[in-house]
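This report concerns only the one structure given below.
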Amino acid sequence: MKNARIELKLKTAVEHSVPDVLDNILSQCEEQKGVVIPMPQAKKKNKWKSL
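Residues in the sequence shown are numbered from 1314 upward in steps of one, following our numbering.
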């Protein structure tokens, strides 16, 4: 068997054995739970100021 044929067989075997949960994941991502709190970055102090 050539590599392309082996890869095709492996791909189809994995596709048939794994459930398709993409729609479920995407629908859960769209639902917003709770409140989003913005977290601005704190300004860093320059410890090595020039003299």
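Glycine included, every Cβ here is placed at the ideal spot set by N, Cα and C. Only a predicted model underlies this, so the values are computations on that prediction, with no experimental measurement involved.
Boundaries of the alpha helix (DSSP H) in which residue i is found, first to last residue
| i | result |
| --- | --- |
| K1362 | Unbroken run through K1362: none, as it is neither H nor E. |
| A1326 | N1316 to S1330 |
Of the residues the options, the one placed nearest residue i, counting alpha carbons only
| i | options | result |
| --- | --- | --- |
| S1330 | K1322, N1337 and D1336 | K1322 |
Spatial distance of residue i from residue j (CA atoms)
| i | j | result |
| --- | --- | --- |
| C1342 | K1362 | 45 angstroms |
| V1334 | S1340 | 10 angstroms |
| E1320 | I1338 | 27 angstroms |
| K1324 | A1317 | 10 angstroms |
| V1349 | A1355 | 18 angstroms |
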